[in-house]
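One structure is given below, encoded as structure tokens.
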Ligand SMILES: NC(=O)c1ccc[n+]([C@@H]2O[C@H](COP(=O)([O-])OP(=O)(O)OC[C@H]3O[C@@H](n4cnc5c(N)ncnc54)[C@H](O)[C@@H]3O)[C@@H](O)[C@H]2O)c1
Ligand SMILES: [Zn+2]
């Protein structure tokens, strides 16, 4: 991200305990254990009033580890705390809610809800990294007819099966379009998620869907992709894009509490905060280590509590 300056503390997923409150914070108390959303919300601008926190005009949006110091630290200052943190019920562990800071709401909001997944749908997911896997978990809440996971990496496809994919396609070896057409009587998937962020996978997602189908683009793109309107205009397709808003965190937390959603399977590795470099190496070498999400643990009892801070980190994610 070119706007992030060297020296910025990274990280935008964390659970922590409130240590100190700013003067205008009224709904959060010292000692509360809270989930910090990856997106902050001023709560007052037109987009926040519509629940579109990602587009906040009042100083919120994706700011942690981007335009302000982030959450891979013992302490973090949390702007707009009233609107941007979520109290964690006592019965839920840090790791049960940690992935609700970003990946679960991202795949649910930008993938499943934007893509309007309906019972019986064939859902094709291009990319089976944490975002594609979270899309599998949250699409399953809607009882799709079949979930097809597509990736170049066999270990990611094995994870996809553990998360609930019915069919996997390695598109390095097999032709994903032919396979999906064979599975759908030549029509195509009802909905495809793009969960990689490169031109080829976006273009593949648009090819995989049936007439009147939907493509929900989740990937963050760094290069232009071609929109093949010559083929697409006549097929009545819908293509959506989006930055996560995290307005579904309370809903997802209830599903975790009721046992209908278990995001703990994402946590493949755990490191102390002091071993952050080893954590990053493990995450970067996912092909060898099998890493999905790496949890960094800061121990509350080791932290001094006299700083001017709003939250102390108990667990953060890489
Ligand atoms: N829209 C949002 O708000 C939002 C939020 C978070 C993440 N994202 C984006 O979602 C995307 C996925 O995130 P992630 O953490 O799962 O990333 P990741 O890099 O861990 O996973 C991407 C997966 O795609 C696979 N892949 C790469 N090239 C492929 C190809 N040509 N065909 C099929 N599979 C291919 C990789 O093997 C990998 O398993 C990223 O672009 C990320 O920035 C978007
Ligand atoms: Zn706002």
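Residue numbers (this note's numbering): 1 to 318.
Idealized CB from N, CA, C, for every residue including glycine.
Just grab the DSSP bridge partners of residue i for me.
i	result
residue 269	294
residue 40	61
residue 189	209
residue 35	15 and 86
residue 147	123
residue 214	191 and 238
residue 167	148
According to the neighbour-count rule (16 or more other Cβ atoms, all chains shown, within 10 Å of its Cβ), is residue i buried or exposed?
i	result
residue 101	buried
residue 42	buried
residue 304	Reliability of the predicted coordinates at residue 304 is poor, the pLDDT of 47 falling under 50, and no value is obtained from them.
residue 298	buried
residue 188	buried
residue 119	exposed
residue 94	buried
residue 261	buried
residue 231	exposed
Taking residue i and residue j to be in contact with their CB atoms under 8 angstroms, please state how far apart those CB atoms are, rounded to whole angstroms.
i	j	result
residue 125	residue 80	At roughly 33 angstroms, the Cβ-Cβ gap does not stay under 8 angstroms, so residue 125 and residue 80 are not in contact.
residue 156	residue 265	The Cβ separation is near 14 angstroms, so there is no contact.
residue 36	residue 30	About 16 angstroms separates the two Cβ atoms, so there is no contact after all.
residue 48	residue 38	With 8 angstroms as the limit, residue 48 and residue 38 do not qualify as a contact, their Cβ atoms being about 15 angstroms apart.
residue 53	residue 247	7 angstroms
residue 12	residue 71	6 angstroms
residue 15	residue 98	5 angstroms
residue 159	residue 195	Not quite, the Cβ-Cβ distance comes to about 13 angstroms (not below 8 angstroms), so this is no contact.
For residue i, report the span of its alpha helix (DSSP H) as first-last.
i	result
residue 249	249-257
residue 280	276-284
residue 48	46-49
In terms of residues, what are the limits of the beta strand (DSSP E) holding residue i?
i	result
residue 68	Here residue 68 belongs to no beta strand (DSSP E), and DSSP marks it neither H nor E.
Assess, as a yes-or-no matter, whether the region 130-147 is touched by the region 272-288 under the definition of 3 or more beta carbon pairs within less than 8 angstroms. In this structure the region 272-288 does not lie against the region 130-147, because fewer than three pairs of beta carbons, one per stretch, are closer than 8 angstroms.
Count Cβ pairs between the region 206-217 and the region 109-120 that sit closer than 8 angstroms; are there 3 or more? yes
Could you say if the region 85-102 and the region 245-254 meet the contact criterion of at least three C-beta pairs nearer than 8 angstroms? yes
Is it a yes or a no for the region 58-65 touching the region 223-241, going by three-plus beta-carbon pairs under 8 angstroms? no
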